[in-house]
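Novice:
Protein chains: 2
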Amino acid sequence: MNIGDVAARSGLPPKTIRYYEDIGLVRPQRGENGYRRFRETDLHKLSFLGRARSLGFSIEECRNLLALYEDEGRASADVRRIASAHLDEITRKIAELQAMRDTLTTLVEACSGDDRPDCPILTGLSRAGAD
Amino acid sequence: MNIGDVAARSGLPPKTIRYYEDIGLVRPQRGENGYRRFRETDLHKLSFLGRARSLGFSIEECRNLLALYEDEGRASADVRRIASAHLDEITRKIAELQAMRDTLTTLVEACSGDDRPDCPILTGLSRAGAD
DNA sequence: TATGGGGCTTCCAGTCACTGGAAGGTCAAG
DNA sequence: CTTGACCTTCCAGTGACTGGAAGCCCCATA
Numbered sequence: 001m002n003i004g005d006v007a008a009r010s011g012l013p014p015k016t017i018r019y020y021e022d023i024g025l026v027r028p029q030r031g032e033n034g035y036r037r038f039r040e041t042d043l044h045k046l047s048f049l050g051r052a053r054s055l056g057f058s059i060e061e062c063r064n065l066l067a068l069y070e071d072e073g074r075a076s077a078d079v080r081r082i083a084s085a086h087l088d089e090i091t092r093k094i095a096e097l098q099a100m101r102d103t104l105t106t107l108v109e110a111c112s113g114d115d116r117p118d119c120p121i122l123t124g125l126s127r128a129g130a131d
Numbered sequence: 001m002n003i004g005d006v007a008a009r010s011g012l013p014p015k016t017i018r019y020y021e022d023i024g025l026v027r028p029q030r031g032e033n034g035y036r037r038f039r040e041t042d043l044h045k046l047s048f049l050g051r052a053r054s055l056g057f058s059i060e061e062c063r064n065l066l067a068l069y070e071d072e073g074r075a076s077a078d079v080r081r082i083a084s085a086h087l088d089e090i091t092r093k094i095a096e097l098q099a100m101r102d103t104l105t106t107l108v109e110a111c112s113g114d115d116r117p118d119c120p121i122l123t124g125l126s127r128a129g130a131d
């Protein structure tokens, strides 16, 4: 398979696949013309990476997950540890965003949104009081 | 005020304040020794920026908000429009993170997390099925 | 007056995970 | 033989800082 084929089948852009090779996540072979030649296992890896990335795992986390994926003697505890840590991080981010949303919702609802200059949003942003 | 003073009073690191000057968000004066000299209005702007950033507004959004903040003839509708768009974006991100969390939670709960290699998390990441 | 320490300056490089674009080689169809 | 799609590499840019180096400046103390 050429890069375009794996791109279509994995859902990843060719640029991203080249980048993943650059950083050592996949190691496709090369044809005589210099083109990358991907095997089925490469495709599986890339699909795995695409799904892990879409769940928000960082590249380094993906690298570790991929290593465990390929290690037949792994302990599932190691996988679980990575996933749990990531889950905590996601939960933290959700809480952070919800706090932003709550504050912003209050401000937006208080703003008349007309052609007058008075604006509780700007007041809220400029006030030194409690956030 | 020197940069250390505004940093302490605004809560922003000196590096960030210099960066904000670089990109034209603040324009402190300069003393004879080359040091930045901040006035109270500069401090207000920086505090405003700090709060807007902490609510997740991008730098460009901050720039626009700051311009409206300083424009006595603004229409609050313009402020509200920016804030509402940002609110929508936050809501979208929360939904995205919650979808990740749901999927991940299911996977993590299904994983025994012991020293055996079987792992539903890895299976979930490698399977071609519906996400 | 020397010196020490902290604060200030600029500039360069790195972060993360790509993404865009330029310049050029390769391949299959018509 | 040409056209156009595909492939290659390399360089630069994104956003919003952050770290670090090299070098002034200022003040207090010995």
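So the protein lines, in turn, are chains A and L. For what it's worth, the UniProt record's numbering labels the leading residue of the first sequence as 1, then goes sequentially. For what it's worth, the UniProt record's numbering labels the leading residue of the second sequence as 1, then goes sequentially. Glycine included, each C-beta is placed from N, C-alpha and C at the ideal position. Bear in mind that the values here come from a model prediction, so they are computed numbers and not experimental data.
Could you name the residues of chain L that A:Thr-103 contacts, counting a contact when the two beta carbons are closer than 8 Å?
Specialist: The contacting residues are Leu-55.
Novice: Is there at least one Cβ from chain L nearer than 8 Å to A:Tyr-19's Cβ?
Specialist: Among the residues facing chain L, A:Tyr-19 is not included, as its CB has no counterpart in that chain under 8 Å away.
Novice: With a threshold of 8 Å between beta carbons, is A:Leu-97 in contact with chain L?
Specialist: A:Leu-97 counts as touching chain L.
Novice: Going by C-alpha to C-alpha distance, which of A:Arg-36, A:Leu-25 and A:Glu-96 sits closest to A:Gly-50?
Specialist: A:Leu-25
Novice: What did DSSP end up calling L:Arg-80 once you bin it into helix, strand or coil?
Specialist: If DSSP states are grouped into helix, strand and coil, L:Arg-80 belongs with the helices.
Novice: Just verifying my parser: in three-state terms, what is the DSSP assignment at L:Arg-30?
Specialist: strand
Novice: On the CB-based measure, 16 or more other CB atoms within 10 Å of its CB, does L:Pro-13 come out buried or exposed?
Specialist: exposed
Novice: Please list, in chain order, the chain A residues whose beta carbon lies closer than 8 Å to that of L:Glu-60.
Specialist: Within chain A, no residue comes near L:Glu-60; the closest Cβ sits about 16 Å away, beyond 8 Å.
Novice: Go ahead and pull the three-state DSSP assignment for L:Arg-37.
Specialist: It is a strand residue.
Novice: To the nearest angstrom, how far is the alpha carbon of residue 138 of chain A from that of L:Arg-92?
Specialist: Here chain A covers residues 1 to 131 and nothing more, so residue 138 of chain A does not appear.
Novice: Where does L:Ile-17 sit, in a helix, a strand or coil, going by DSSP?
Specialist: helix
Novice: For the alpha helix (DSSP H) containing L:Pro-120, list its first residue and its last residue.
Specialist: 120–126
Novice: Taking Cβ positions only, does L:Glu-72 come closer than 8 Å to chain A?
Specialist: Chain A contact via Cβ: present.
Novice: What three-state label does DSSP hand A:Cys-62 in the structure shown?
Specialist: A:Cys-62 sits in a helix when the DSSP states are folded into three classes.
Novice: Using the Cα positions of L:Gly-73 and A:Arg-116, report the straight-line distance between them to the nearest angstrom.
Specialist: 8 Å
Novice: Compute the Euclidean distance between the alpha carbons of L:Ala-75 and L:Phe-48, then round it to the nearest angstrom.
Specialist: Rounded to the nearest whole angstrom, the CA to CA distance from L:Ala-75 to L:Phe-48 is 19 Å.
Novice: Taking A:Thr-41 as the query, report the chain L residues whose CB atoms sit under 9 Å from its CB, ordered along the chain.
Specialist: Ordered by position in chain L, no residue passes the 9 Å Cβ test against A:Thr-41, which lies about 11 Å from the chain.
Novice: Quick one: list the residues of chain A neighbouring L:Gly-113, beta-carbon separation under 7 Å, in chain order.
Specialist: Ser-76, Ala-77 and Arg-80
Novice: Quick one, are the C-beta atoms of A:Ala-52 and L:Leu-125 less than 8 Å apart?
Specialist: yes
Novice: Taking 8 Å as the CB-CB cut-off, is A:Phe-48 touching chain L?
Specialist: Output row for A:Phe-48: interface = yes.
Novice: Could you tell me the distance, in whole angstroms, from the CA atom of A:Asp-114 to the CA atom of L:Asp-78?
Specialist: 8 Å
Novice: Could you please give the first and the last residue of the uninterrupted alpha helix (DSSP H) stretch that includes L:Ile-3?
Specialist: 3–10
Novice: Going by alpha carbons, who is nearest to A:Cys-62 out of L:Leu-122, L:Met-1 and L:Arg-127?
Specialist: L:Leu-122
Novice: Under three-state DSSP, which class holds L:Gly-73?
Specialist: coil
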